[in-house]
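See structure below.
Numbering (the numbering used here), first residue to last: 4 to 97.
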């Protein structure tokens, strides 16, 4: 997407999820003329982040398929998650 200009159609396609694409189309179609660029820019950012996340996921999957560690810096938060879960359980949550 970096070489082609963004269009309503390319944003819709990049979103991938039909419900999300419908939400975008609904917002862009209902936006007053003076807000069109703002709505378009908002959804262009969402679409770009979606494409970036998909690419990152593909890179991680490819690394794992080769038996390598996933690329990037990973922070182990297991202890924090376990502590949060214990705290929530102690407060009577299911």
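Yeah, the Cβ is synthetic: ideal placement off N, Cα and C, and Gly gets one too.
query	result
Spatially closest choice to residue 47 from 78, 84, 17, 58, by CA coordinates	17
Residue environment, residue 14, which counts as buried when at least 16 other CB atoms sit within 10 Å	buried
Alpha-carbon to alpha-carbon, residue 86 and residue 93	10 Å
Outcome for residue 89 when other beta-carbon atoms lying within 10 angstroms are tallied against a minimum of 16	exposed
Neighbour-count burial assignment, residue 50, 16 or more Cβ in a 10 Å radius	buried
Between the CA atoms of residue 83 and residue 72 - distance to the nearest angstrom	22 Å
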